[in-house]
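Colleague: Got a structure for you, questions after.
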Amino acid sequence: MPKQNLKKLLVILHDLVVTALAIWLVFVIRFEGRLLDEHLRYLPRFLPFFVVYAGLVYWFFSLYRSKWRFASLPDLSNIVKAVSVLTISLLAIDYVLVSPELYGNFYFGKISIALYWLVQIALLGGPRLAYRYFKYARSRNQAERGAALPALLLGRSVEVEMVIRAMEAGTMRRLRPAGILSPRADDLGQSIRGVPVLGLLSDIERVAGEAAIRGEDYRRIVATPSALLPEAQPDKWLKQTRKLALPISRIESPGEGTRDTDVAPLEIEDLLVRSTVTIDRQRLGSFLKGKRVIVTGGGGSIGSEICLRCAAFGASEILVVESSEPALFQITEQLSVVADGTVVSGALADVRDRDRIMPLFAGFRPDIVIHAAALKHVPYLEADWSEGIKTNIFGSVNVTDAAVAAGARTFVLISTDKAIEPVSMLGATKRFAEIYAQSRDAEFVGSASAMRLVAVRFGNVLGSAGSVVPKFKAQIARGGPITVTSPEMIRYFMTIREACDLVLTAASHTQTLGPDAERAAVYVLKMGQPVKIMDLAERMIRLAGYEPGEDIEIVVTGVRPGERLNEILFARDEPMAETGLDGVMAAKPSFADRPRIQSWLSRLEVALHRGDRAAADVVLVEAIPDFSRREQTPPDAPAQLRSPPAVASLR
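For the sequence shown, this note's numbering assigns the number 681 to the initial residue and increments by one for each residue that follows.
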C-alpha cells in the first residue's frame, strides 16, 4: 500500500475510534451505578451503526483531505460542522425514535448530547493540533541547532506571517525567521508568531549591525512583495544592503508557481515595473486544466514562461517545440521538476520545416497551440531580412495550418506592438502573420467548429532575451557606460509572468464568446504607463547602488535601423473593443481573403529565392499599406495607447 494511502487510512481509523470513545466517555461522565450499566448494556446495539454514519459525515466535510501538520482554523471549522451534524442526528434519534411515547424513556438526554458535542470536538481536533505543534516544535528546534540560516524578513505583517508559517512547515527548509522589518510604523514593538519586529525598512543597516555585534549575524534577507512596492522605497533600503553583502531573496506571491511558497533571487527587474492587473487564476485554471498544449519556441524567454504557466494551471500534456537543443533541454528539465501531474515532452523542430511540423501536430492532437517561435531582434532582421520572412511569415503559416489540421480549439499567435504601422521587418512580418491567422479564423465563422485563431500583441517584457534590461545590467556590472539609442526613446514594459498570464487570459476569452458574438481577431495587452529608456537606465544605476553621471556614465549612440521612438498598440483604422477582462483589449478583424494572401505568399517565395529585398518590400507594402521603411512618430499623443472614437464590447 502506498505510504500516502496508509496515512489516510490511519486518520480514518483514528476518527472512527475516537467517535466510539466519545460516546463511551459521555456515558461514563454523565451516569454512574445502575444507570451507567444500563446505558453501556445497550451501547453495542447502537454504536456500530453510528460510527459508520459518522465516517460518512466526516468524509463529506473533508476531514481526510488536509494533512495534520497543516491543521488550521478551516480544518477546525469542518470538524465543528461535522460534529454538529452528528449531534443534531443524535437529538433526532433520541427524541423521535427513543422518545417516551415509543419506548418510555430517553437514551441520551439533552445534557448528554450537549456533552457529546464538546467531547467529540476535543477528541477530533485535539490530536490534530497537538501533531501540528509537535512538527512545529521539532522544526524550530532543528533550526535553532543550526540546520537553517537565520533570515531577516522584510514586509507587512500579513505577508511575513505567511512566510514564517512556510518556514515552520518545512517548505522553506534552509531558512528560519530571526527578525522582521516592516514598512509600517504601527508594527513596531510587536511580534509575529514569536518573531520580533525590530524596526522599519530604513533601519536595515542598524538592525543588521546590532545582530552582528551580538554574534547573531543574519545570513539571508527575504523580501515579501510589500517590501518591493514603490511606497516602501526599495531604492533606499537596497542601497543600505549593498554594504551588508547579504544575499537578498524575494517571495513569490501565492499562486505564482506550482509550489505553495518559494524564494527566488531578487533581480533589478523585480523593482522596475510592478504588476498592473489582477490575474483571474480560477479562469485560467478552468481554461487549461486537463488540456493538451503545444508551445512553439518553448525554450525562449516568453515560450518557456508560457510552458511553466500552463503546467501551473493544470494542463494535462505539454509538447515543447524548439529548434535549439540546449534551450529545449533546459525547459523540459525545469518542467520535469515543477510540473507535477503534467506530462511533458519536447520536440526538436524548426517551424519553417512544414514537412516536420504538420505530422508532429497531427500526432499530438493539441487542444491549444501557442505560437511563440519567432525572430524578433530588430537590427538583425533589418540586415537578414530573408530570415525574418522565412520564420515569422512562412513559419507562422506552417504552425497555423498544422493547428487547424490537427483540430485544435484555440490557436494563439504571440505578436508585438511593432506590428502596428510597422517601420521594421520585424513589425511587417509579424503583422503579415496576424493577417494570415485572421483569415483562417474567418473560415470558422458560422461553422460547427469552435476553433478560434487569434493574435496577442504586447510590448517589451522585462528580462526577456533581447530586452534592454539584461543589457543594462551587464553594462552596470562592467562599470559602464550604459548605452541608450536616444534620450527620447519610449517603450512599454511589463513582467514576463504578467505578460504570459494575460496571453493565456486572452486565449481563454476566445472560448467564452457565444456563436453569435462579435469576434475579436487581435488581443492587445494593456501595458500600463510608457517608460523613457533614459529614465529606466538612471533608475537601474541607482538600484545597483551608484549615481548616474558620476559612478556610471550614460552614452547616447543613436537610433538603429528599423527602430522608432514611440510604440503604439492599435492602428489608426483598427476598431477597438472591450473584452470585459482586466488588462486585455481587442481589435476587430481586418484582413484579406485567402486567395489574395496565397498570391502574396507565392510572390514572397520568389523574392526569397532571388534574394530580392525590393520585391519582398513591394509585397509587404501591398499587404500592409501603412508599412514604411522610415522611422515614424505618431502625431497624436506619442507612446499612448491609441483609441478610435468608438469602442465596442466583446463580452
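Here a beta-carbon is modelled for each residue, glycine too, at the ideal position from N, C-alpha and C. None of the values given here were measured: they were computed from a predicted structure.
Out of curiosity, what's the CA-to-CA distance linking glycine 789 and aspartate 774?
Modeller: Spanning the two alpha carbons is a distance of roughly 7 Å.
Colleague: Within its chain, find whatever has a CB closer than 7 Å to the CB of arginine 873; leave out the 5 residues flanking it on each side and keep chain order.
Modeller: Result list for arginine 873: Glu841, Ile844, in chain order.
Colleague: For tyrosine 813, count neighbouring Cβ atoms within 10 angstroms of its own Cβ and tell me buried if that reaches 16, exposed if not.
Modeller: With fewer than 16 Cβ atoms within 10 Å of its Cβ, tyrosine 813 is classed as exposed.
Colleague: Give the straight-line distance between the Cα atoms of arginine 1283 and leucine 1055, rounded to the nearest whole angstrom.
Modeller: Spanning the two alpha carbons is a distance of roughly 21 Å.
Colleague: Going straight from the alpha carbon of glutamate 936 to that of alanine 992, what length do you get?
Modeller: Because the pLDDT at glutamate 936 is just 44, under 50, the model does not fix this residue reliably, and the point stays unresolved.
Colleague: Terminal residues of the continuous alpha helix (DSSP H) containing tyrosine 738?
Modeller: Note, tyrosine 738: alpha helix (DSSP H), 713-740.
Colleague: What's the gap between the Cα of aspartate 1020 and the Cα of serine 981?
Modeller: In a straight line, the C-alpha of aspartate 1020 is about 21 Å away from that of serine 981.
Colleague: Need the endpoints of the beta strand (DSSP E) that methionine 1174 sits in, please.
Modeller: Start and end: 1173-1175.
Colleague: With a cut-off of 8 Å on the beta carbons, I'd call valine 1202 and alanine 1267 a contact; round off their distance for me.
Modeller: With 8 Å as the limit, valine 1202 and alanine 1267 qualify as a contact, their Cβ atoms being about 4 Å apart.
Colleague: Kindly indicate which residue of Ile692, Ala700, Arg710, Leu770 has the alpha-carbon position closest to the one of leucine 743.
Modeller: Leucine 743 has its Cα closest to that of Ile692, out of Ile692, Ala700, Arg710, Leu770.
Colleague: Considering just the uninterrupted stretch of the beta strand (DSSP E) at alanine 1272, what are its terminal residues?
Modeller: Element bounds for alanine 1272: n/a, residue is neither H nor E.
Colleague: When the distance is taken between beta carbons, is glutamate 1302 closer than 9 Å to phenylalanine 1074?
Modeller: Their beta carbons are not under 9 Å apart, which means phenylalanine 1074 does not touch glutamate 1302 by this criterion.
Colleague: Might you give, ordered along the chain, the residues of its own chain that have their beta carbon closer than 7 Å to the beta carbon of proline 1102, omitting 5 neighbours on each side?
Modeller: Ala1108, Arg1111, Ile1304, Phe1307.
Colleague: List the DSSP bridge partners of aspartate 862.
Modeller: The residue you asked about is not aspartate; residue 862 is serine in the sequence shown. Partner(s): Leu880.
Colleague: Measuring only the C-alpha atoms, how far is valine 799 from valine 1183?
Modeller: Cα to Cα, valine 799 sits roughly 53 Å from valine 1183.
Colleague: For leucine 999, tell me which candidate among Pro1006, Val1299, Gly978, Glu985 has the shortest Cα-Cα distance.
Modeller: Leucine 999 has its Cα closest to that of Gly978, out of Pro1006, Val1299, Gly978, Glu985.
Colleague: Mapping the DSSP letters down to three states, classify histidine 1051 as helix, strand or coil.
Modeller: Strand at histidine 1051.
Colleague: Thinking just about the alpha-carbon of each residue, which of Glu1002, Phe1041, Arg808 is nearest to the one in threonine 1080?
Modeller: Nearest option by C-alpha distance: Phe1041.
Colleague: To the nearest angstrom, report how far apart leucine 908 and aspartate 1297 are at their CA atoms.
Modeller: Each residue's Cα considered, the two are about 47 Å apart.
Colleague: Once you ignore the five residues that flank alanine 1052 on each side, which residues in its own chain have a CB closer than 8 Å to its CB?
Modeller: Answer for alanine 1052: Val975, Thr976, Gly977, Gly978, Gly980, Ile982, Gly983, Ile986, Ile1094, listed in chain order.
Colleague: Are the Cβ atoms of lysine 761 and phenylalanine 741 separated by less than 9 Å?
Modeller: Cβ distance < 9 Å, so lysine 761 and phenylalanine 741 count as in contact.
Colleague: Using a threshold of 9 Å, state whether the C-beta atoms of valine 1001 and cysteine 990 are closer than that.
Modeller: For valine 1001 and cysteine 990, no; Cβs fall outside 9 Å.
Colleague: Given that a residue counts as buried once 16 or more other Cβ atoms are within 10 Å of its Cβ, and exposed if not, what is serine 757?
Modeller: Exposed is the call here.
Colleague: Identify which residue in Leu988, Val1236, Arg836 has its Cα closest to the Cα of arginine 1177.
Modeller: Checking every option, the nearest Cα to that of arginine 1177 belongs to Leu988.
Colleague: Under a Cβ-count criterion, where at least 16 other Cβ atoms within 10 Å of its own Cβ denotes burial, should arginine 1310 be classed as buried or exposed?
Modeller: Note that arginine 1310 scores 41 on pLDDT, short of 50, meaning its location in the model is unreliable; the coordinates nonetheless yield the value given after this. The residue is exposed, with fewer than 16 neighbouring Cβ atoms inside 10 Å.
Colleague: Which runs of the beta strand (DSSP E) fall wholly inside the region 965-1008 and span at least 3 residues, in chain order?
Modeller: DSSP runs (the beta strand (DSSP E)) wholly in the region 965-1008: 972-976, 997-1002.
Colleague: Evaluate histidine 1289 with the Cβ neighbour count: other Cβ atoms within 10 Å of its Cβ, from every protein chain shown; 16 or more gives buried, anything less gives exposed.
Modeller: That one is exposed.
Colleague: Roughly how many angstroms lie between the CA atoms of valine 1211 and valine 1164, to the nearest whole one?
Modeller: Near 13 Å, if we compare the C-alpha coordinates of valine 1164 and valine 1211.
Colleague: Go ahead and label proline 934 buried or exposed: buried means 16 or more other beta carbons lie within 10 angstroms of its beta carbon, across all protein chains shown.
Modeller: Confidence at proline 934 is low in this model, with a pLDDT of 44, below 50, so its placement is unreliable and no value can be given for it.
Colleague: On the three-state DSSP scale, how would you describe glycine 1043?
Modeller: Here glycine 1043 sits in helix by DSSP.
Colleague: Take aspartate 1047 and list the residues in its own chain whose beta-carbon comes closer than 8 Å to its own, dropping the five residues that flank it on each side.
Modeller: So the qualifying residues of the chain are Lys971, Arg972, Val973, Ala1088, Arg1089, Thr1090.
Colleague: Could you tell me which residues DSSP puts in a beta bridge with proline 830?
Modeller: Answer is Arg856, bridged to proline 830.
Colleague: What are the start and end residues of the alpha helix (DSSP H) that includes valine 1239?
Modeller: Careful: valine 1239 lies outside any alpha helix (DSSP H) and carries neither H nor E.
Colleague: Taking DSSP's pairing of strands, which residues face tyrosine 1203 in a bridge?
Modeller: Tyrosine 1203 is bridged to Val1136, Ala1266.
Colleague: Using 8 Å for Cβ pairs, my map puts valine 706 next to leucine 829. What's the rounded Cβ distance?
Modeller: Actually they are not in contact, since the Cβ atoms of valine 706 and leucine 829 sit about 50 Å apart, beyond 8 Å.
Colleague: How is arginine 1331 classed by DSSP in three states: helix, strand or coil?
Modeller: Its pLDDT being 42, under 50, arginine 1331 is placed unreliably in this model, and the coordinates cannot settle the point.
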